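Chemist: Respectively, the protein sequence lines represent chains A and B.
Quick note on this note's numbering: the first sequence kicks off at 365 and runs consecutively.
Quick note on this note's numbering: the second sequence kicks off at 365 and runs consecutively.
Number of protein chains: 2
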Amino acid sequence: MAQTSQLRIPGPTPVPDRVNRAMAAPMINHRGPEFKALLPELEAGLKWAFQTENDMLIFPASGTGGLESTVANLVSPGERVLAVTIGAFGDRFADLAEAFGAQVIRYAPPWGEAADPQDLDDLLSKEPEIATVLITHNETSTGVTNRLQALAEVVKRRQRLLVVDGVSSIGSIDLPVDRWGVDVAITASQKGWMLPPGVTMLSVSKAAWQRQAKARAPRFYFDWERAQKLQAKGMTFTTPAMSILFGLRESLTMMREEGLSTIFQRHLRIAAGFRAAGRALGLRLLAADPETASPTVTALYFPAALSGEKSEAVFKTWRDQGLVVGEGQGKLAGKIFRIGHLGAVHDDDVVATVEVLERGLEANGHPVTRGAALTAARRALESSEPSLVA
Amino acid sequence: MAQTSQLRIPGPTPVPDRVNRAMAAPMINHRGPEFKALLPELEAGLKWAFQTENDMLIFPASGTGGLESTVANLVSPGERVLAVTIGAFGDRFADLAEAFGAQVIRYAPPWGEAADPQDLDDLLSKEPEIATVLITHNETSTGVTNRLQALAEVVKRRQRLLVVDGVSSIGSIDLPVDRWGVDVAITASQKGWMLPPGVTMLSVSKAAWQRQAKARAPRFYFDWERAQKLQAKGMTFTTPAMSILFGLRESLTMMREEGLSTIFQRHLRIAAGFRAAGRALGLRLLAADPETASPTVTALYFPAALSGEKSEAVFKTWRDQGLVVGEGQGKLAGKIFRIGHLGAVHDDDVVATVEVLERGLEANGHPVTRGAALTAARRALESSEPSLVA
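1) Have a look at B:T733 and B:L645 and give me their C-alpha separation to the nearest angstrom.
2) How many whole angstroms separate the CB atoms of A:F584 and B:A463, which I take to be in contact at a CB cut-off of 8 angstroms?
3) Which same chain residues, not among the five before or five after A:L752, have their C-beta less than 6 angstroms away from its C-beta?
4) Below 7 angstroms CB to CB, which residues in the same chain sit around B:T506 once its five sequence neighbours on both sides are set aside?
5) Measuring only between beta-carbons, confirm whether A:V688 sits less than 7 angstroms from chain B.
6) Could you please tell me which residues of the stretch 459 to 472 of chain B, in chain order, have their CB closer than 8 angstroms to any CB of chain A?
7) Please give me, in chain order, every unbroken run of the alpha helix (DSSP H) with length at least 4 that falls completely inside the stretch 568 to 621 of chain B.
8) State the CB to CB distance for the pair A:M558 and A:G707, rounded to an integer number of angstroms; the pair is presumed to be in contact (CB under 8 angstroms).
9) Buried or exposed for B:S489, going by 16 or more other Cβ atoms inside 10 Å?
10) Let me make sure I understand the geometry here. Which of A:P481, A:E398 and A:G535 has the alpha-carbon closest to that of A:A413?
11) Classify B:A754 as helix, strand or coil using the three-state DSSP reduction.
12) Work out the CA separation of A:A514 and A:A754 for me, nearest whole Å.
13) Using alpha carbons as the reference points, say which of B:V720, B:A581, B:G704 and B:E676 lies closest to A:G465.
14) Whole angstroms is fine: what's the gap from A:Q367's alpha carbon to A:G686's?
15) Whose C-beta lies closer than 6 angstroms to the C-beta of A:P750 among residues of the same chain, with five residues either side of it excluded?
16) Assign A:Q370 to buried or exposed, taking buried as 16 or more other Cβ atoms, counted over all protein chains shown, within 10 Å of its Cβ.
17) Threshold first: 4 residues or longer. Then list the alpha helix (DSSP H) segments lying entirely within the stretch 511 to 551 of chain B, N to C.
18) Just curious, the beta strand (DSSP E) that A:F701 is in, first and last residue?
19) Just to confirm, are A:G672 and A:G698 a CB contact at a threshold of 7 angstroms?
20) Would B:R470 pass as a contact of B:A436 if the rule is Cβ separation under 7 angstroms?
21) Which whole runs of the beta strand (DSSP E) in the stretch 434 to 472 of chain A are 3 residues long or more, in chain order?
22) Ordered along the chain, which non-local residues of its own chain (more than five positions away) have a Cβ less than 6 angstroms from that of B:K520?
23) Could you tell me the boundaries of the alpha helix (DSSP H) in which B:G642 lies?
24) With burial defined as no fewer than 16 other Cβ atoms inside 10 Å of the residue's Cβ, what is the status of B:K555: buried or exposed?
25) When the distance is taken between beta carbons, is B:T564 closer than 7 angstroms to B:P374?
26) Since A:T496 meets chain B, which of its residues come closer than 9 angstroms, beta carbon to beta carbon?
27) For B:F399 and chain A, any beta-carbon pair shorter than 7 angstroms?
28) Check whether the Cβ of B:R620 lies closer than 6 angstroms to any heavy atom of the ligand GTP, and answer yes or no.
29) Would B:G451 count as contacting chain A if we go by Cβ distances under 7 angstroms?
30) For the 8 angstroms Cβ check, are there 3 or more pairs between the stretch 585 to 593 of chain A and the stretch 606 to 614 of chain A?
31) Please identify, using Cβ separations under 7 angstroms, the residues of the stretch 595 to 619 of chain A that lie next to chain B, in order along the chain.
32) Which chain B residues are close to A:E673, counting only those with a beta carbon under 9 angstroms from its beta carbon?
33) Determine, using beta carbons only, whether A:V518 and A:D480 come nearer to each other than 7 angstroms.
34) On a CA-only basis, which of A:G409, A:P659 and A:T602 is nearest A:D319? Give me that one, please.
35) Quick one, which of A:P560, A:M619 and A:G694 has its alpha-carbon nearest A:P424's?
36) Counting only Cβ pairs nearer than 7 angstroms, list the residues of chain A close to B:T368.
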């Protein structure tokens, strides 16, 4: 198998050497003084990145575990919940709430589109009993970013609890948790945090804590109260994913060195570069509206002639050249490919990826004007216009 | 803070350099061919170490997550469950089942003792409705190993489902899952597997699968059916803890190089060394019966004069010399200390640890005959008698 030199999937993302070195530090006692010193530092760093003063909780689990912790702590069986789903991960969140006994109302615009704040408002006005709204900020399966500020404004005006799946957004896309009134925001280590998978992190508002005290779904491993009680003492309820937390200390340091707004701008710029390259390659974007095209994942349709089973040959050609991109999920399998560009990804990576994308498409019979995609990408990278801000 | 040169807690355990190097490998696509090649290799290695042909499931979570997955998949609300608990982790398993709505009957011998097969048989004969029995193989909080073979024989004869918390035993203490008829056996990466925390692994028998199909507790993240369906395709349901799985491939290789029975003998020998040293230091063992003293954790009472608050000074003296041991949990806090000796621990480590233990006790006023503990430990290490086998 060819060595992967460019891992361009929306997670796991590449882990920088600095982070790898930090993760190789010797294990420590998770009930001892070294960990008691580490944990508050991580909590503070996460609060900075989440732009919040809410409590931060950390669990050894993937992002789906963070979503489950939220459902298990907030939702009671039989309760009506609104799930705003714009793709596979929104559907997963809705399925999860159903598995825990909630009556889930789904607001599901077509894949490739974002949710409409007015539609959400209409829905909530008709559903006064719904106390909790689940929204995906950035939908990894489609490369669409919701207009979260406007959606949050609706949810808050209607006085509902706002839960945001920020797995592939927080730390990469601007999400000021406190300013927008997000009650629970969830992310996972293998995304913008430049870490291996295995840790989920979430912020919990006062209103969410009040709801938690009354919610009646079973919970133990993911119980927030136990978690918070121990974290307040500089420990975790169960054994923490130590190596990844060592890495998190280092990746938070790297993020502080770069600065949040620089990080957000970098992701916007790189996404613009990939979109421009895609257009120059004659490919159609799944996210038709540039205003909601994701800064972290770009989904492109295969040309008709390479769609379906033929797409496998294209993936293979790319893989043989060291480039791994994401496949389409669910109903989009074989129809699209997804370029993940979050975390430790820089302008040079765009150039390297576009080069291989172009060669692979050409090798499989798709006509390209050699170099046009690279030129388009470079031009987009150089003109980082403020209008690109979602 | 002094550098920890000897981490002698019952997990996280030291991670060998070979494993650390393996974990620093570049991330891969968890839906791609490299992972499809890795996963079956890990499953095969785990089946070898679990001595089973049952299905193996792997989740990104701590050991408690593995226990929760078992309760969520096997137990229905209102159902009567027997929890055999001989310490803090047995209590945790019972609490967990209660959190998921089970009516838990506790068989709880005093801390420091093992469960009695005859008592278990009497209990089960009086409780024909109990379909599931939870048993801790090795109780990390007390350093006691249950006579699992005899207990399993009772549970199987009474035709109940046998669930074993093998978090701090599997891979370190002989637990032939198939031979003893264990339906579900659960472990975690940071124990005998020489890995950082963050992954739980468990085996599921046919009978457990049949129960799973009928059980009605809510489950999603830890749902076995989803997990198995994806693992059969060389994937995992949610993003796997990739770096730890890279490490697991290497630690399984190391374990195969050493051989299972050699590993089990090493743990028995080292435990005998620590027990002999403890006695020579004039300390009382919590596990009074040598036949059920744990091969992976040795719990020793502080001398009366150093018990309670004074124990903190002793822990500090040891820590300043680079030795970290475990504290007492729950009602044993301040009364005992626990030496973890599982995973990457070798004869030389016993000598190094005993040296610091002795000096620390002496520095805090406990009279010792210098060198006696070392001599006793060395003698025990050299005479690895078969009678030491639990």
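Glycine included, each C-beta is placed from N, C-alpha and C at the ideal position.
In this text the structure is predicted, and so the values were computed from the model without any measurement.
Modeler: Put simply:
1) The residue labelled residue 733 of chain B in the question sits at position 369 within the second sequence. The residue labelled residue 645 of chain B in the question sits at position 281 within the second sequence. Rounded to whole angstroms, B:T733 to B:L645 spans 8 angstroms at the Cα level.
2) Mapped onto the first sequence, residue 584 of chain A falls at position 220. Mapped onto the second sequence, residue 463 of chain B falls at position 99. With 8 angstroms as the limit, A:F584 and B:A463 qualify as a contact, their Cβ atoms being about 4 angstroms apart.
3) By one-based count along the first sequence, residue 752 of chain A stands at place 388. Per-residue confidence for A:L752 stands at a pLDDT of 41, beneath the threshold of 50, marking its modelled position as unreliable; the derived number appears in the next sentence. Closer than 6 angstroms at Cβ, skipping near neighbours: L632 and A636.
4) Position 142 of the second sequence holds residue 506 of chain B. Cβ within range, chain order: I450, G451, W475, G476, L650, A651 and A663.
5) Position 324 of the first sequence, counted from the first residue, corresponds to residue 688 of chain A. With 7 angstroms as the cut-off, A:V688 counts as an interface residue toward chain B.
6) D459, L460, A463, F464 and G465
7) 570 to 578 and 588 to 595
8) Translated into positions along the first sequence, residue 558 of chain A becomes position 194. Translated into positions along the first sequence, residue 707 of chain A becomes position 343. The Cβ separation is near 4 angstroms, so the contact holds.
9) Locating residue 489 of chain B in the second sequence gives position 125, where the first residue counts as 1. It is exposed - the Cβ of B:S489 has fewer than 16 other Cβ atoms within 10 Å.
10) Locating residue 413 of chain A in the first sequence gives position 49, counting from the first residue. Out of A:P481, A:E398 and A:G535, A:G535 has the C-alpha closest to the C-alpha of A:A413.
11) Here residue 754 of chain B refers to the residue found at position 390 of the second sequence. Interpretation of B:A754 is limited by its pLDDT of 38, a score under 50 that renders its predicted location unreliable; no figure is taken from the coordinates.
12) Taking the first sequence and counting its residues from 1, the one referred to as residue 754 of chain A is at position 390. Taking the first sequence and counting its residues from 1, the one referred to as residue 514 of chain A is at position 150. The pLDDT assigned to A:A754 is 38, lower than 50, so where the model puts this residue is not dependable, and the model offers no usable value.
13) Against the first sequence, residue 465 of chain A aligns to sequence position 101. That would be B:A581, whose Cα lies nearest to the Cα of A:G465.
14) Numbered from 1 along the first sequence, position 3 holds the residue referred to as residue 367 of chain A. Numbered from 1 along the first sequence, position 322 holds the residue referred to as residue 686 of chain A. Rounded to the nearest angstrom, the two C-alpha atoms are 6 angstroms apart.
15) Here the question's residue 750 of chain A lines up with position 386 in the first sequence. The predicted position of A:P750 is uncertain, since its pLDDT is 46 and thus under 50; a value taken from the coordinates is nonetheless stated next. None.
16) Within the first sequence, numbered from 1, the residue matching residue 370 of chain A stands at position 6. Buried, because 16 or more other Cβ atoms sit within 10 Å of the Cβ of A:Q370.
17) 512 to 521 and 541 to 544
18) The residue labelled residue 701 of chain A in the question sits at position 337 within the first sequence. Residues I700 to G704.
19) Locating residue 672 of chain A in the first sequence gives position 308, where the first residue counts as 1. Locating residue 698 of chain A in the first sequence gives position 334, where the first residue counts as 1. For A:G672 and A:G698, yes; Cβs fall inside 7 angstroms.
20) Here residue 470 of chain B is taken as the residue at index 106 of the second sequence, counted from 1. Here residue 436 of chain B is taken as the residue at index 72 of the second sequence, counted from 1. Contact flag unset, no.
21) 444 to 448 and 467 to 471
22) Against the second sequence, residue 520 of chain B aligns to sequence position 156. So the qualifying residues of the chain are G545.
23) As a position in the second sequence, residue 642 of chain B is number 278, starting the count at 1. It spans L624 to A644 - the alpha helix (DSSP H) in which B:G642 sits, taken as one unbroken run.
24) Reading the second sequence from its first residue, position 191 is the one you call residue 555 of chain B. The residue in question, B:K555, is buried, as its Cβ has 16 or more Cβ neighbours within 10 Å.
25) Taking the first residue of the second sequence as position 1, residue 374 of chain B is located at position 10. Taking the first residue of the second sequence as position 1, residue 564 of chain B is located at position 200. Not a contact, by the Cβ cut-off of 7 angstroms.
26) Counted from its first residue, the first sequence places residue 496 of chain A at position 132. The premise fails here: A:T496 is roughly 16 angstroms from chain B at the closest Cβ pair, so nothing lies under 9 angstroms.
27) Along the second sequence, one-based indexing puts residue 399 of chain B at 35. Taking Cβ atoms only, chain A never reaches closer than 7 angstroms to B:F399, which makes this a no.
28) Absence of the ligand GTP from the depicted structure is noted, as is the absence of any ligand whatsoever, leaving it without description.
29) Here the question's residue 451 of chain B lines up with position 87 in the second sequence. Answer no: the Cβ-Cβ gap between B:G451 and chain A never drops below 7 angstroms.
30) no
31) T602, T603, P604, A605, M606, S607 and I608
32) Sequence index remark: in the first sequence, residue 673 of chain A carries index 309 (1-based). Correct list: empty, because the minimum Cβ distance to chain B is about 17 angstroms.
33) Translated into the one-based positions of the first sequence, residue 518 of chain A becomes position 154. Translated into the one-based positions of the first sequence, residue 480 of chain A becomes position 116. Contact flag unset, no.
34) Past the boundaries of the shown model lies residue 319 of chain A; chain A is included only from 365 to 754, so the question cannot be answered.
35) Working through the first sequence from its first residue, we reach residue 424 of chain A at position 60. Nearest option by C-alpha distance: A:P560.
36) Here residue 368 of chain B refers to the residue found at position 4 of the second sequence. Residues of chain A passing the Cβ test: P390 and I392.
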